[in-house]
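Asks:
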Amino acid sequence: MSLNLDDEKVKLLVVGIKLKKELKDLADSFVKEQLFKVLNQERKLLNSLLSKFHPKSGAFKLTIKLVRTKLRRIHGLFRTENIKIDGLVCEYLNYPTKEKLIQILNSHSSTKERIDFYPQLYQKIFAITGKPESIIDLGCGINPFSISMMGLVGLKRVRYFAYDLDEEEIGNLKRYFEHLHNLNKQFQGETEILDFNHTEKLTHLKKADLGLLFKITDIIDRGKGHKKSEEVIKAIPAKDLVVSFPTLTMSGRRMNHPRRGWIELMCKRLGYEFKVLEFSNEIFYVMEKN
């Protein structure tokens with residue numbers, strides 16, 4: 071779908087959208103897709119943009135504003151901190167210590183909240199699913215930096231597939247996975263830019279024993295029911311799946327009803343067995359899909 075915008079015009083718009091610091095690491099392909107969605111909905115704006123295409127025109131500026139707003143809703147929901155980790159990753163790779171790994175995990179709000187219970191979390195998950203030899207981490211962020219807390223060292227082979235929209239995070243994970251492979255040739259880590267809203271792409275991913283979907287369903291659904299999350303859950307090619315949700319409100323108070331009735335009803339309807347793990351700030355549904 072070109073909307074009569076040639077490649078050069080699209081490139082100028084994408085560059086303009088990504089000038090904002092919090093959006094600069096998003097994949098160009100994802101930004102382009104959201105740009106087309108906005109212009110497809112805003113036909114008057116598209117016509118104004120085409121009639122006088124110029125970076126200083128009102129239509130150009132409004133287009134960038136609308137797309138940035140859309141991207142912040144999608145991407146910014148779980149990117150609440152903006153700490154650059156490139157330097158931390160370099161330091162860790164040059165001199166790997168547990169303390170430096172903790173620093174990396176502390177740079178992201180979701181992983182920071184799990185620092186105190188990561189080992190216990192994985193121990194409880196694997197007590198239900200068994201230790202996986204392959205893992206899909208969808209919308210992974212920097213969660214794969216917690217691999218060392220999974221207790222999978224004794225396995226002959228571990229494959230970890232990490233997918234996200236953030237190019238910087240994917241780049242750092244590639245370096246980290248190379249480091250892990252150098253330490254253990256049996257470890258295979260793969261990373262890729264992936265928009266999990268395209269459920270047809272999920273069905274073509276490599277199959278895994280376990281899928282992780284940590285704090286992602288709110289971003290997938292965006293307040294429009296849970297149909298899309300259900301599509302994603304069904305499409306992930308993993309035998310078992312762990313889906314998590316925050317149990318604290320934006321103000322930091324514990325929710326009165328932290329369990330998610332919709333996902334429990336979905337599991338019963340689809341015939342998925344599930345168990346619930348509750349921690350201080352996050353609840354995890356461990357589902358057996360097959």
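Be aware that the sequence shown starts at 71, since it is given in the numbering used here, and climbs by one per residue. Where is the CB? At the ideal position from N, CA and C, for every residue including glycine. Remember, predicted model here, so these are calculated numbers, not experimental data.
If we ignore side chains and look at the alpha-carbon of each, how far apart do V228 and A308 end up?
Replies: If you take the alpha carbons of V228 and A308, they lie about 15 Å apart.
Asks: Can you tell me the Cα-Cα spacing of S99 and G295, whole angstroms?
Replies: Answer to the nearest angstrom: the Cα atoms are 26 Å apart.
Asks: In whole angstroms, what separates the C-alpha of G200 from that of E348?
Replies: Roughly 19 Å between the two C-alpha positions.
Asks: In angstroms with no decimal places, state the Cα-to-Cα distance between D77 and K107.
Replies: One C-alpha to the other measures close to 16 Å.
Asks: Report the three-state DSSP secondary structure of F309 (helix, strand or coil).
Replies: A quick correction: the sequence has Lys, not Phe, at residue 309. Strand.
Asks: On the DSSP bridge list, what partners appear for E352?
Replies: BP columns for E352 point to P316.
Asks: What is the DSSP secondary structure of M219, reduced to helix, strand or coil?
Replies: In the structure shown, M219 sits in a helix (DSSP, three-state: H, G or I).
Asks: How far does the beta strand (DSSP E) with R229 in it reach, from first residue to last?
Replies: Segment 228-234, the beta strand (DSSP E) holding R229.
Asks: I'd like the ranges of any alpha helix (DSSP H) spanning at least 4 consecutive residues and lying wholly in the stretch 145-214.
Replies: The stretch 145-214 contains these whole alpha helix (DSSP H) runs: 156-164, 168-175, 179-184, 188-199.
Asks: DSSP state of E238, grouped into three classes?
Replies: DSSP places E238 in helix when its eight states are reduced to three.
Asks: If you pair each beta-carbon of the stretch 179-192 with each one of the stretch 250-267, do three or more pairs fall below 8 Å?
Replies: Touching, no.
Asks: Take every Cβ of the stretch 73-90, pair it with every Cβ of the stretch 214-221, and state whether three or more of those distances are shorter than 8 Å.
Replies: Too few Cβ pairs lie closer than 8 Å, so no.
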